Amino acid sequence: MLLKNEENLTEGQRDRLEEILALNATLNTMYVLKDQLKLLYYYSDRRKVQHALEDWCAMAETVNHPSLRQFVKRLRFFEYGILNHADYPIGTSRLEGVNNKIKLIKRKAYGFHDSEYFVLKVKQAFTGDNSTNFFG
30 MLLKNEENLT
40 EGQRDRLEEI
50 LALNATLNTM
60 YVLKDQLKLL
70 YYYSDRRKVQ
80 HALEDWCAMA
90 ETVNHPSLRQ
100 FVKRLRFFEY
110 GILNHADYPI
120 GTSRLEGVNN
130 KIKLIKRKAY
140 GFHDSEYFVL
150 KVKQAFTGDN
160 STNFFG
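This is the structure:
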């Protein structure tokens, strides 16, 4: 329940989540911070993202929790990539799809030892598919 988006919670889950968050102030604060952090990926202005990230880290550092401090440190390490996402909002979904398709071909070809044939089957899988045609 803590990891779900609020709009994906059922009524029963929403009620139970409210009970849990009411029992633990630190958990409640972290839950709010989680939702605020997600907003960074919707900005397209690099300066807005940087300002929002700095604000978020400052808020997170007020919570005296070692895991959250470690997370802030890790987030700052990846700040450059987070800021680049504002300029180039590229996801990995296409790449993940291509990888899954290749893995499926590999599973179907289990036992065959001809790597040239495997390459041909991979190329064949992406023939005419302009959105994922990486082979020519």
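Be aware that the sequence shown starts at 30, since it is given in the working numbering, and climbs by one per residue.
We put the beta carbon where it would ideally sit given N, CA and C, even for glycine.
All figures in this text were calculated on a predicted structure; none of them were measured in a lab.
request  = Taking V92 as part of the alpha helix (DSSP H), name the residues at either end of that continuous run.
outcome  = In the sequence shown, the residue the question calls residue 92 occupies position 63. Careful: V92 lies outside any alpha helix (DSSP H) and carries neither H nor E.
ask   = Around the C-beta of A166, are 16 or more other C-beta atoms found within 10 angstroms, so that it is buried, or is it exposed?
value = Outside the shown range of the chain, which is 30 to 165, sits residue 166, and nothing can be said about it.
query = Using the C-alpha atoms, what's the distance from R98 back to A89?
reply = As a position in the sequence shown, residue 89 is number 60, starting the count at 1. As a position in the sequence shown, residue 98 is number 69, starting the count at 1. So the two alpha carbons sit approximately 7 Å from each other.
task = Would you please state the rounded distance, in angstroms, between the beta carbons of I174 and L68? I believe it to be under 8 Å.
result = For the chain, the structure presents residues 30 to 165; residue 174 sits outside this window and is missing.
ask   = DSSP state of Q82, grouped into three classes?
value = One-based indexing of the sequence shown puts residue 82 at position 53. It is worth fixing the name first, because residue 82 is Leu in this sequence and not Gln. Helix at L82.
ask   = alpha helix (DSSP H) containing G176: first to last residue?
value = Missing from the structure shown is residue 176; the chain here goes from 30 to 165 and no further.
inquiry  = For V148, tell me which candidate among K135, G157 and V61 has the shortest Cα-Cα distance.
reply    = Here residue 148 is taken as the residue at index 119 of the sequence shown, counted from 1. Cα-wise, what sits closest to V148 is K135.
request  = State yes or no: is the C-beta of E108 within less than 8 Å of the C-beta of L124?
outcome  = Counting from 1 along the sequence shown, the entry for residue 108 is found at position 79. Counting from 1 along the sequence shown, the entry for residue 124 is found at position 95. No, Cβ-Cβ distance for E108 and L124 is not below 8 Å.
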